[in-house]
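Numbering (my numbering), first residue to last: 927 to 1131.
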C-alpha cells in the first residue's frame, strides 16, 4: 500500500489506519528538529525594539534556570517558553505549552501555559491592564512556581551583557526530552508540584 484509498475518514479501514500509524512514526521522530528550527528562526525573525533577539531571550532564560540547578524539564521548558511567538503571537504562551506538554511534567507545562498573564505583573499597568490578573490563579498549586519562573528566569532575561549558553549547549537536552514517550505518566507526574530550585548566585565571567 502506497496511499490510503478513503477520502473521508469515516470510510477508512483498520488496515489503512495501521498503515498511516506506521507512516507517522518517522514524522513524529522529527518533531524535535522542527522545534529546534523554529527556535533558530527566532534569532533572525524576531520582535523589534528589544536589545536582544527572541532566541537570545530563550537562551538567557534557560541559562539562568540551568545555573540555578533546575532539572531538565525546567531547563527545556524555559528554553521553549516563547517558541510559539512566531505562529501565535497573541497566545504564544498556550501555543508553547502545547509543544512541550507531551514530554515534560505537568507543572512545567502549566507554568509555560500561564506565564503570559503572570508576566503582566511587571508591565501591565503601563498599558492600562490589570497587573494583578494572575491573582485569578492564586489558589492553584502551580501559582508560586509560575510567579518564581517569571521573576527569576523570564522577566530578567533581556540583558545583552548576560553571559548565556549557546543553542548547541542546550540541544542535547531538548533531544533527550523530546525522545521520551509522549504523555508517559512517569514523566508527566500529574498533580505533583515541586517548585523551582533554590536560587544559586553565580559570578559571571
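Glycine included, each C-beta is placed from N, C-alpha and C at the ideal position.
At the level of alpha carbons, what is the spacing between residue i and residue j?
i: residue 997; j: residue 1018; result: 23 Å
i: residue 1046; j: residue 1102; result: 32 Å
i: residue 988; j: residue 978; result: 15 Å
i: residue 957; j: residue 1053; result: 37 Å
i: residue 1001; j: residue 933; result: 43 Å
i: residue 1023; j: residue 927; result: 36 Å
i: residue 1125; j: residue 1105; result: 29 Å
i: residue 931; j: residue 1083; result: 52 Å
i: residue 1081; j: residue 1091; result: 18 Å
i: residue 1014; j: residue 929; result: 32 Å
i: residue 953; j: residue 1028; result: 16 Å
i: residue 1094; j: residue 946; result: 34 Å
i: residue 1130; j: residue 999; result: In this prediction, residue 1130 has a pLDDT of 47, which is less than 50 and means its spatial position is unreliable; nothing more can be read from the coordinates.
i: residue 1050; j: residue 1111; result: 36 Å
i: residue 942; j: residue 1097; result: 36 Å
i: residue 951; j: residue 1115; result: 25 Å
i: residue 1020; j: residue 948; result: 29 Å
Apply the 10 Å Cβ neighbour rule to residue i and answer buried if 16 or more other Cβ atoms are within range, or exposed otherwise.
i: residue 1004; result: buried
i: residue 1040; result: buried
i: residue 955; result: exposed
i: residue 981; result: buried
i: residue 1036; result: buried
i: residue 1122; result: buried
i: residue 1016; result: exposed
i: residue 1199; result: Nothing about residue 1199 can be read from this structure; the chain reaches only from 927 to 1131.
i: residue 1118; result: exposed
i: residue 937; result: exposed
i: residue 867; result: Look at the range of the chain in this structure, 927 to 1131, and you will see that residue 867 is not part of it.
How many whole angstroms separate the CB atoms of residue i and residue j, which I take to be in contact at a CB cut-off of 8 Å?
i: residue 1025; j: residue 1042; result: Between residue 1042 and residue 1025 the Cβ distance is about 15 Å, and since that is not below 8 Å, they are no contact.
i: residue 1100; j: residue 962; result: 6 Å
i: residue 991; j: residue 1055; result: The pair is not a contact, with the Cβ atoms about 27 Å apart (cut-off 8 Å).
i: residue 1072; j: residue 1044; result: 5 Å
i: residue 1085; j: residue 986; result: 7 Å
i: residue 959; j: residue 1012; result: Going by Cβ atoms, the distance from residue 959 to residue 1012 rounds to 16 Å, so no, they are not a contact pair.
At least three beta-carbon pairs within less than 8 Å, the segment 1021-1032 to the segment 1053-1066: no
Segment contact flag, the segment 1067-1085 with the segment 960-972, C-beta cutoff 8 Å, min 3 pairs: no
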